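Enquirer:
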Amino acid sequence: MEGKVINTARKWKVSVLTSDMPSAGTSSKVYITLYGDHGSSGPIFLDGEKGKSFQRGNEDIFTVNTGNIGHLYKIRIGHTNAGNSPAWHCEEVQLLNLFSGEQFYFPAHRWLAWDQADGEISMELPVLQQGQPILPVTVYEVHVTTGDLWNAGTEADVYISVYGERGDTGSRQLLRSQKPKKFLKGQTDIFAVEAVHLGHLYKIVIGHNGLGTGNGWFLDKVVVKDPITDLDYAFLCHRWLDQGQDDGNIARELTVTDASTFPGRQELELKREETWAAEKWKFQKGNTLQFYNRVTHGFICLGPDSRVDALGDKKNKYGKVFFLWMYT
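At position 174 of the sequence shown the residue is numbered 174 (the numbering used here), and the sequence of numbers has no breaks.
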């Protein structure tokens, strides 16, 4: 008996209205992600004629294909923040399921720009039913703790994706901390991540882009606070995200820690003690620190009496000194 081939592809008409406000149009590439109870479409770029799409007061219409994502419950729309004028004010998104004939309306009325409002360049919009959202939009508090090791902080751009039983947030840059400078050694930074409520959280993916001076990062842990359920979700790491340390990865997938994984927390505490035992020599009185710049091949030596030798001692490479491989 021959198997029956079932076509699970779905075709959608997507209409995007840009506001009529001054400078509402964008030079960026715009994308949309559709989420249903069978999965998500993944980001789909809405490509039109260059320089003519998503201009002030325009309605842009596209046809996109997805797999069978099931019953739609939310969309995410955003842009790449590229070009000379990336800021965008989106008025509304409309979807028509060309397979079933269902229509969906998503009022937005919002700036997507780093220098506007909350600084987000994407937003999530839930499906409306009789004018009311079928799922609430919430703002998660994301607490990111950088480890207390030598040179643990980073100047790279850090991104996070939060996953729950109702989809994910997509990759979001952790842009605005409540602290003046982000991701410093031993510091906890707090960020706001807005999303349609994800239900129970089970994992995150967090990483950085590897750019900037001293981009390596020692991440201790992440705690995500859900204001709707009043639950805190802990994601323990205590590892380097550094191309020159640990396993060389600059992104990590972390699963949630709960009461059932308490032995894992005890193991983590032991790892912390072992790490400190291996690192504490750097902080002992009388040590000399010698910094090496890989670009100039020069040395700077910091003595225990606070004297600074700008030339350093190249012959002392294997002495009791600490080398920090610096980039400019």
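All residues carry an ideal CB built from backbone N, CA and C; glycine is no exception.
All figures in this text were calculated on a predicted structure; none of them were measured in a lab.
(1) Using 8 Å as the limit for Cβ to Cβ distance, is Val162 near chain B?
(2) If we count Cβ pairs, one from each stretch, closer than 8 Å, do we get three or more for the region 244-252 versus the region 171-184?
(3) So for Lys225, helix, strand or coil by DSSP?
(4) Can you give, in chain order, each stretch of the beta strand (DSSP E) that sits fully within the region 170-197 and has at least 3 residues?
(5) Ends of the beta strand (DSSP E) at Arg239?
(6) Exposed or buried, Gln173, counting other C-beta atoms within 10 Å across all chains shown (16 or more means buried)?
(7) Does DSSP put Arg10 in a helix, in a strand, or in coil?
(8) Tell me, please, whether the region 212-229 touches the region 151-168 by the rule of three or more beta-carbon pairs shorter than 8 Å.
(9) Could you check where the beta strand (DSSP E) with Gln94 kicks off and where it finishes?
(10) So if DSSP puts Asn65 in a beta bridge, which residue, or which two residues, is it bridged to?
(11) Just to confirm the assignment, what range does the beta strand (DSSP E) spanning Pro22 have?
(12) Please name the residue, chosen from Val193, Lys13, Leu198 and Gly186, that lies closest to Thr229 on a Cα-to-Cα basis.
(13) Is the Cβ-Cβ distance between Glu253 and Val223 less than 8 Å?
(14) Which residues in the same chain have their Cβ closer than 6 Å to the Cβ of Val139, if we skip the five residues on either side of it in sequence?
(15) What do you get for Ser85, buried or exposed, if any count of 16 or more other CB atoms within 10 angstroms of its CB means buried?
(16) Just the Cα atoms here: how many angstroms apart are Ser260 and Ile75?
(17) Shortest alpha-carbon distance to Gly78 belongs to which of Lys11, His109, Gly186 and Glu120?
(18) By how many angstroms is the C-alpha of Trp12 removed from the C-alpha of Gln103?
(19) Under the three-state reduction of DSSP, which class applies to Tyr318: helix, strand or coil?
(20) Measuring alpha carbon to alpha carbon, tell me which of Glu92, Ser19 and Leu98 ends up nearest Val64.
(21) Cα separation between Tyr31 and Gly147?
(22) Sort Asn151, Glu91 and Lys185 by Cα distance to Ala108 and report the nearest one.
(23) For Leu128, is the classification buried or exposed, using 16 other Cβ atoms within 10 angstroms of its Cβ as the cut-off for buried?
Expert: Answer, in terms of the structure:
(1) Looking for chain B here will not work: only one protein chain is present.
(2) no
(3) Taking the sequence shown and counting its residues from 1, one reaches residue 225 at position 225. Strand.
(4) 188-196
(5) Numbered from its first residue, the sequence shown carries residue 239 at position 239. Per DSSP, Arg239 belongs to the beta strand (DSSP E) from Leu231 to Leu241.
(6) Taking the sequence shown and counting its residues from 1, the one referred to as residue 173 is at position 173. Counting Cβ neighbours within 10 Å, Gln173 comes out buried, since at least 16 surround it.
(7) Your numbering for residue 10 matches position 10 in the sequence shown. Note: Arg10 maps to strand in three-state DSSP.
(8) yes
(9) Start at 1 with the first residue of the sequence shown, and residue 94 comes out as number 94. Here the beta strand (DSSP E) through Gln94 covers Trp88 to Asn97.
(10) On the sequence shown, position 65 is the one that residue 65 refers to. DSSP lists Lys11 as partners of Asn65.
(11) As a working mapping, residue 22 is identified with position 22 in the sequence shown. Where Pro22 is concerned, there is no enclosing beta strand (DSSP E), given that its DSSP letter is neither H nor E.
(12) Numbered from 1 along the sequence shown, position 229 holds the residue referred to as residue 229. Out of Val193, Lys13, Leu198 and Gly186, Leu198 has the C-alpha closest to the C-alpha of Thr229.
(13) The residue labelled residue 253 in the question sits at position 253 within the sequence shown. The residue labelled residue 223 in the question sits at position 223 within the sequence shown. It is not a contact, given that the beta carbons lie outside the stated cut-off.
(14) Numbered from its first residue, the sequence shown carries residue 139 at position 139. Same-chain partners within the cutoff: Ala192 and Glu194.
(15) Numbered from 1 along the sequence shown, position 85 holds the residue referred to as residue 85. Ser85 is exposed by the Cβ-count criterion.
(16) Residue mapping note: residue 260 aligns to position 260 of the sequence shown, counting from 1. Residue mapping note: residue 75 aligns to position 75 of the sequence shown, counting from 1. In this prediction, Ser260 has a pLDDT of 49, which is less than 50 and means its spatial position is unreliable; nothing more can be read from the coordinates.
(17) For the purposes of this step, residue 78 is taken as residue 78 along the sequence shown, with counting starting at 1. Comparing Cα-Cα distances from Gly78 to each of Lys11, His109, Gly186 and Glu120, the minimum goes to Glu120.
(18) The residue you call residue 103 lines up with position 103 of the sequence shown. The residue you call residue 12 lines up with position 12 of the sequence shown. Rounded to the nearest angstrom, the two C-alpha atoms are 10 Å apart.
(19) For the purposes of this step, residue 318 is taken as the residue at position 318 of the sequence shown. A caution first: Tyr318 carries a pLDDT of 38, below 50, which makes its placement in the model unreliable, though a value can still be read off. Correct three-state label for Tyr318: coil.
(20) Your numbering for residue 64 matches position 64 in the sequence shown. Of Glu92, Ser19 and Leu98, the residue nearest in Cα terms is Leu98.
(21) The residue given as residue 31 occupies position 31 in the sequence shown. The residue given as residue 147 occupies position 147 in the sequence shown. Cα-Cα distance, rounded: 35 Å.
(22) Walking along the sequence shown from the start, residue 108 turns up at place 108. It is Glu91 whose Cα lies nearest to the Cα of Ala108.
(23) By 1-based counting over the sequence shown, the position of residue 128 is 128. That one is exposed.
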